[in-house]
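> Below are the structure tokens for one structure; questions will follow.
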Amino acid sequence: MQLNEDSEHHAISKPSIDVLGQQLANIMSQSPFVAHTFTTYHYENGKVYGKVKSNPDLIGNPNFEILHGGMTATLLDTIGGLEGMLEIYRRDQGTFEEQTKKIKRMATVDLRVDYLAPGRGHEFMVTAEVIRMGRKGCTTRMMLVNDEGKLIAHGIASYAF
1 MQLNEDSEHH
11 AISKPSIDVL
21 GQQLANIMSQ
31 SPFVAHTFTT
41 YHYENGKVYG
51 KVKSNPDLIG
61 NPNFEILHGG
71 MTATLLDTIG
81 GLEGMLEIYR
91 RDQGTFEEQT
101 KKIKRMATVD
111 LRVDYLAPGR
121 GHEFMVTAEV
131 IRMGRKGCTT
141 RMMLVNDEGK
151 LIAHGIASYA
161 F
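Right, dumping it as structure tokens:
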């Protein structure tokens, strides 16, 4: 972030949406909690993506070697929040500082997960889209697929900011 020296109040100038998307993905990838999930987040083509390789620490049922349901919910919740944050910047309402303040306050208020297939695979990818954006919150739809493209779970979540 750069200071806009032309402004009498030295307001922070807003980076491009691509820079903001990459920054959000990087910040989340470096989160201490996310480090325990072995997940990385990336921004490309205007979207945030999450990827995680199968790992014995993430297995819920060792007899079947499937991804733990709590891990699935975590992946869906995190990507939904990230996409909601990015949408706040995309909509560009208010100042950059006001947008950033909303993002810092963002919290999950409701999460629904439908487990559609056993979490089998070597790698999983999670994506999200915003389906509603309001003044005080947003709703996202998320999907988790395995490395064969099979839909493992999908969810819907609401976030307050």
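What the sequence shown shows, in UniProt numbering, is residues 1 to 161, in sequence order.
Built from N, CA and C at the ideal position, the CB exists for glycine as well.
The structure presented is a predicted model; accordingly, all values stated were derived computationally and were not measured.
1) Quick check: the Cα distance between T37 and D92, rounded to an integer number of angstroms?
2) So for M28, helix, strand or coil by DSSP?
3) State the DSSP-derived secondary structure class of F64, mapped to helix, strand or coil.
4) For A73, does the three-state DSSP call read helix, strand or coil?
5) Apart from the five residues on each side of it in sequence, which residues of its chain come closer than 7 Å, Cβ to Cβ, to A153?
6) With C-beta atoms as the reference, is T95 less than 8 Å away from A157?
7) Give every residue of the same chain whose Cβ lies closer than 6 Å to the Cβ of I131, excluding the five residues on either side of it in the sequence, and list them in chain order.
According to the data block:
1) Translated into positions along the sequence shown, residue 37 becomes position 37. Translated into positions along the sequence shown, residue 92 becomes position 92. Rounded to the nearest angstrom, the two C-alpha atoms are 32 Å apart.
2) In the sequence shown, residue 28 corresponds to position 28, counting from 1. Correct three-state label for M28: helix.
3) For this step, residue 64 is matched to residue 64 along the sequence shown. In the three-state reduction of the DSSP assignment, F64 falls in the coil class.
4) For the purposes of this step, residue 73 is taken as residue 73 along the sequence shown, with counting starting at 1. Looking at A73 - three-state DSSP - the assignment turns out to be helix.
5) Here residue 153 is taken as the residue at index 153 of the sequence shown, counted from 1. Closer than 7 Å at Cβ, skipping near neighbours: T72, L76, V113, D114, Y115, L116 and L144.
6) Position 95 of the sequence shown, counted from the start, is the residue given in the question as residue 95. Position 157 of the sequence shown, counted from the start, is the residue given in the question as residue 157. In this structure, A157 does not lie closer than 8 Å to T95 by Cβ.
7) The residue given as residue 131 occupies position 131 in the sequence shown. Non-local C-beta neighbours of I131 in its own chain, meaning closer than 6 Å and more than five positions away in sequence, comprise T139 and R141, ordered along the chain.
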